[in-house]
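In this note's numbering, the protein residues as written are 3 to 247. Ideal Cβ placement from N, Cα and C applies to all residues, glycine included.
Listed below in structure tokens is the structure:
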């Protein structure tokens, strides 16, 4: 059944409200510190230790860009209400791709947080991913969003399963056609199309198999180039045989 976009929008707003309520009053660790000459001022660090004060976009960006926080868990909890809103609005600009933002989440060890906090974040990730797939005006390309949710949760298959279920929707099919065009060079080289700290060979194989199964019909529907369609056939061959063709 085609997803109802009003329901998807309502789910996302509910998830955003849940994050805001769950993480209200959070602060960075009182002993958190960073280099003033490379990160920011003492006054800006003090804002992270003050609950619920909005951060300007530049300070928020420098905070999630930085990888050497001593206490990343409290820091992520502090910025989550604002960061999730910025994700939806397309204002998040990771320094090295959406996979790098996922790495920030994993270093925060969010899957070890109290159950209510884990549930609020996972509800957002689920709602945002569905929004990305079916909302025509979604601000983040699906291939970038997939890298983020996969790295954040250290799992790939469940997100591909949701995409498969959503392929009844024209927008989700168009997202797939765009993603395959972005991914193909890497997949043909047996490379995952983003940097990962997980089992790259396993994920690359799973993504390639998923593309082989679901992309051909979508590419025909969108009048993709013959080269791109041919590459799907090459992808099904062993790596050494692809170049003989």
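Legend entry - Cβ-based neighbour list, residue 140, same chain, cut-off 7 Å, excluding 5 preceding and 5 following: Only 133, 134 meet the Cβ criterion.
Legend entry - Length of the line joining the Cα atoms of residue 184 and residue 145: So the alpha carbons of these two residues sit roughly 8 Å apart.
Inset, instruction - Assign residue 28 to one of three DSSP states: helix, strand, or coil. - result: The answer is coil: DSSP assigns residue 28 none of H, G, I, E or B.
Inset, instruction - Could you tell me if residue 210 is buried or exposed, where buried requires 16 or more neighbouring beta carbons within 10 angstroms of its beta carbon? - result: Burial call: buried.
Legend entry - Residue nearest to residue 48 in terms of C-alpha spacing, selected from 58, 37, 32: Checking every option, the nearest Cα to that of residue 48 belongs to 32.
Legend entry - Nearest candidate by alpha-carbon position, reference residue 147, set 84, 110, 130: Checking every option, the nearest Cα to that of residue 147 belongs to 130.
Inset, instruction - Tell me whether residue 186 sits in a helix, a strand or coil according to DSSP, three-state version. - result: The answer is helix: DSSP assigns residue 186 an H, G or I state.
Inset, instruction - Could you check the C-alpha separation between residue 200 and residue 64 for me, to the nearest Å? - result: Using only the alpha carbons, I get a separation of about 25 Å.
Inset, instruction - Give me the Cα-Cα distance between residue 172 and residue 164, rounded to the nearest whole angstrom. - result: Residue 172 and residue 164 have their C-alpha atoms roughly 15 Å apart.
Inset, instruction - Have a look at residue 106 and residue 174 and give me their C-alpha separation to the nearest angstrom. - result: A direct Cα-to-Cα measurement between residue 106 and residue 174 gives close to 27 Å.
Inset, instruction - Would you list, in sequence order, the uninterrupted alpha helix (DSSP H) runs of no fewer than 4 residues that lie entirely inside the segment 185-229? - result: Runs of the alpha helix (DSSP H) inside the segment 185-229: 202-223.
Legend entry - Close beta carbons around residue 97, own chain, < 8 Å, minus the five adjacent residues each side: In chain order, 67 place their CB closer than 8 Å to the CB of residue 97, counting only its own chain and leaving out the 5 sequence neighbours on each side.
Legend entry - Cβ-based burial, residue 95 [other Cβ within 10 Å; buried from 16]: So residue 95 counts as exposed.
Inset, instruction - With a threshold of 16 other CB atoms inside 10 Å of the CB of residue 118, please say whether the residue is buried or exposed. - result: Classification for residue 118: exposed.
Inset, instruction - Please go through the segment 41-69 and give each complete alpha helix (DSSP H) segment of 4 or more residues, from N-terminal end onward. - result: DSSP runs (the alpha helix (DSSP H)) wholly in the segment 41-69: 44-50, 59-67.
Legend entry - Neighbourhood of residue 212 by C-beta, 6 Å cutoff - its chain only, sequence neighbours within 5 removed: The residues are 162.
Inset, instruction - Grab the span of the alpha helix (DSSP H) containing residue 82 for me, first residue to last. - result: Following the DSSP letters along the chain, one finds residue 82 inside the alpha helix (DSSP H) bounded by residues 74-91.
Inset, instruction - Leaving out five residues on either side along the sequence, give the residues of the same chain with a beta carbon under 6 Å from the beta carbon of residue 104. - result: Closer than 6 Å at the Cβ level, and outside the excluded window around residue 104, lie 150, 153, 154.
Legend entry - Bridge partner(s) assigned by DSSP for residue 99: The bridge partners DSSP lists for residue 99 are 97.
Inset, instruction - Buried or exposed for residue 245, please, with buried defined as at least 16 other CB atoms from any protein chain shown within 10 angstroms of its CB. - result: By the neighbour-count rule (16 or more Cβ atoms within 10 Å), residue 245 is not buried but exposed.
Legend entry - Range of the contiguous alpha helix (DSSP H) that encloses residue 120: 117-136 is the extent of the alpha helix (DSSP H) around residue 120.
Legend entry - Distance between residue 138 and residue 177 (C-alpha atoms, nearest Å): Pairing residue 177 with residue 138, the inter-Cα distance amounts to about 9 Å.
Legend entry - Residue burial classification, residue 113 (beta-carbon count within 10 angstroms, cutoff 16): Burial call: exposed.
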